[in-house]
Every structure is written in C-alpha cells, then in structure tokens.
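Inspection log for the structure reproduced underneath, given as structure tokens.
Residue numbers (UniProt numbering): 1 to 328.
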C-alpha cells in the first residue's frame, strides 16, 4: 500500500519549511483510474466536496429549480449579502424560516458582511452558514417526500437517498459515516470512489435519463454560477472563473478538493492527509494545469501554482509551490 505522496512545499528563505503530502486520482468516464498519486484506495470523508451528490436525489426527483438554486445546493458560500438573500428567498418560497434549518448558526465568512453585522449589532443566523444552501435543498426534498423535519438523521429518507446515490456513483459501499460541521451525515468513500463519482458528473448529459439529466444540470449550474458555489477569495470559485466555466470545482474541509472536466470526461479527487486546505487547492490546480484545462499563464494559475508568502510588513518572505515530481 503506497503512502501519501509529497504534493506541495512551502519555502521560507533557503529552507523548505513544510511539506504537504496526499492522495489523488484522475478517473475517466468508465470509472477507471488513469492517473494516481499516493494511495488511491485510501478511505476518506469527502466532506463538502460531495454537495453535488447530496443535491442529486432532489434534482433527480424532478423538483423545478433555477440554475442559481442548483448552484446554491452545491455551495459552501461565503455568507455574503447576495448568498444570504438567495438562501432566504428559497426559504420563503418553501414557506419556511431560519428556524427550520438544522445547519447551525455561523458568522458570515464575507468580511464586509461580517463587519457590517457587528457594527449594526445584528446576530448571525443559520442562513449565514456556509452550508445553508445545501440545507434548503434538503428541506425542499423533505417537503417533496412529505417526510419528517429532522432531515439530518442518517435514517431520514433524504439521507438514505443520498447514501444510495453516493454508493452507486462511487462504486463503493460506504464503510462508515461521520457528521459534518453543518450536522449532516458525511459518508466515507475512497479517493478512487470520489474521483469516479466526479467522472460520472463529467460524462453526464442532458437527456440521459433522470439521473444523467440531473447530474448535468447540477454540474452546469456550478459552472454558470461560480460566485454562488463559493464566493470572493474562494479557491474553487477562482479556479472556475479562470477556466471560463469549462470545469466545475468544489472544495471540502480537511484538505479535500474535486474537479469535474466535462470536455475531457474526467474527474479529479485530491485529499491532503494533514488537512491543509491551502495545499489541496494548489494540488488540484497543478493537476488541472497538467491536464491542460488550466492555462498556466492565467493570473489565477500563476498565483495558485507559485503562491507568495508575505509577512505583515508586506514583504515576500517565501513561496508555496508544487513538490518536485508532482504532478508530472
């Protein structure tokens, strides 16, 4: 069993100060691994990288949803004003309120919004939670199923449908589950399983049955609304913008990152074993550049592939860059 492969180095002055190692795969439309680094069979929690899978049963059931709501269902948004307004509007359409969400209260991650709320004495609500879009999707599907409101329980019909969809797309019977930061269950899979699921989204086309149509709709909505999937200063949003909507990308906590490449019918999955999100973003950018879908000359690519380390006085004191031999 291979160990994790060094993927990202941080240099300060003349010394390599930190090395981030991990596992990664590229899978094709047949679900086969075409490139692998580290242990492709490592079992991981995919965290928020699978929000498109968590939204899939709702869309497959035929709920009429706009592209912005599809993107919100896949999002880990910043809690900016536009994110909160769209989540609230969806709640209103369902005739539900903030108290119906089960994701928990979180301060807005958008600096401007957070500071304005502090100045105005406005307390954070659940709609500010980065996962509130996903949770409104859960509520919409719960209404459709006429199921109980405790939609985050693993035995709830919503979560059973998600569990089944993930196992089918990954080709792996999930060996365990844990609870995510937003209280929803997160079903473990392998790095290969995660890459295989992303490749299935890449190969999906409108008109290929309910599932294929739903997968294509979710993927295309992410590409159409990268600002809703994350937001300003979010690496997944930055990558999607840099590739002009040709690739869907999504981060997950603890160093997980995925990408969906429709033109090449490929899926990418990365897991950094020390959980460093900064390394996951750079590792997936390096793989996308290697695959020829991220232009190395693009300003976002240049920054993500050779990231300056700047001190508080504004001087560059180091750099973060792909480890030698990765990903070539």
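Beta carbons: idealized from backbone N, C-alpha and C, even for Gly.
Since the model is a prediction, treat every value here as computed from it, not as a measurement.
Handout entry: 8 Å Cβ cutoff met for residue 272 and residue 286
Key = no
Practice task
Evaluate residue 299 with the Cβ neighbour count: other Cβ atoms within 10 Å of its Cβ, from every protein chain shown; 16 or more gives buried, anything less gives exposed.
Solution key: exposed
Handout entry: Inter-stretch contact at 8 Å, needing at least 3 Cβ pairs: the region 73-89 / the region 130-143
Key = yes
Problem - 8 Å contact criterion, which residue 353 and residue 116 should meet: CB distance rounded - result: Residue 353 cannot be examined here, being either before or after the span of the chain that is shown, 1 to 328.
Handout entry: Contacting residues, own chain, Cβ-Cβ under 6 Å from residue 176 (five flanking each side not counted)
Key = 188
Exercise for the section: Check each candidate in 109, 88, 108 and name the one with the smallest Cα separation from residue 100. Expected result: 88
Practice task
Would you give the residue range spanned by the beta strand (DSSP E) that residue 114 belongs to?
Solution key: Run containing residue 114: none in the beta strand (DSSP E); it sits in the alpha helix (DSSP H), 111-120.
Handout entry: Own chain partners of residue 221 with C-beta closer than 6 Å, once the 5 adjacent residues on each side are dropped
Key = 67, 70, 71
Handout entry: Nearest-angstrom beta carbon gap, residue 250 and residue 108 [assumed within contact, 8 Å]
Key = Residue 108 to residue 250, Cβ: 20 Å. No contact.
Problem - Endpoints, alpha helix (DSSP H) assigned at residue 319 - result: Looking at the DSSP string, residue 319 is not in any alpha helix (DSSP H); the run it does join, the beta strand (DSSP E), is 316-322.
Practice task
State yes or no: is the C-beta of residue 4 within less than 8 Å of the C-beta of residue 22?
Solution key: yes
Practice task
Could you check the C-alpha separation between residue 383 and residue 120 for me, to the nearest Å?
Solution key: There is no way to answer for residue 383, as the model of the chain reaches only from 1 to 328.
Problem - Assigned exposure category for residue 318 - 16 Cβ within 10 Å defines buried - result: buried
Problem - Under the three-state DSSP convention, the category residue 17 falls into - result: strand
Handout entry: residue 129 burial status per 10 Å Cβ neighbour count (16 or more: buried)
Key = buried
Handout entry: 8 Å Cβ shell around residue 150 - same chain, five flanking residues per side excluded
Key = 102, 156
Exercise for the section: Could you check the C-alpha separation between residue 35 and residue 25 for me, to the nearest Å? Expected result: 6 Å
Exercise for the section: Please list, in chain order, all residues of the same chain as residue 173 whose beta carbon is under 6 Å from its beta carbon, the five residues on each side excluded. Expected result: 167
Problem - In chain order, each alpha helix (DSSP H) run of at least 4 residues that lies wholly inside the region 7-88 - result: 51-60, 67-73
Exercise for the section: Just confirm the distance between the C-beta atoms of residue 237 and residue 226, as a whole number of angstroms; I'd bet it's less than 8 Å. Expected result: 5 Å
Practice task
List the residues that DSSP assigns as beta-bridge partners of residue 266.
Solution key: 28, 261
Exercise for the section: Please go through the same chain and pick out, in chain order, the residues whose beta-carbon is closer than 7 Å to the beta-carbon of residue 193, but skip the five residues on each side of it. Expected result: 170, 171, 172
Problem - Among 183, 82, 263, nearest to residue 232 - alpha-carbon criterion - result: 82
Handout entry: Contact under 8 Å by Cβ, residue 11 with residue 327
Key = no
Handout entry: From 105, 270, 96, residue whose alpha carbon lies closest to that of residue 8
Key = 270
Practice task
Go to residue 308, then tell me how far its beta strand (DSSP E) extends in each direction, as first and last residue.
Solution key: 307-310
Practice task
Return helix, strand or coil for residue 172, following the three-state DSSP convention.
Solution key: coil
Handout entry: Simplified DSSP state of residue 251, which is helix, strand or coil
Key = strand
Practice task
Check the C-beta distance from residue 265 over to residue 110 and give it rounded, since I have them as a contact under 8 Å.
Solution key: Not quite, the Cβ-Cβ distance comes to about 35 Å (not below 8 Å), so this is no contact.
Problem - Where residue 326 falls: helix, strand or coil (DSSP) - result: coil
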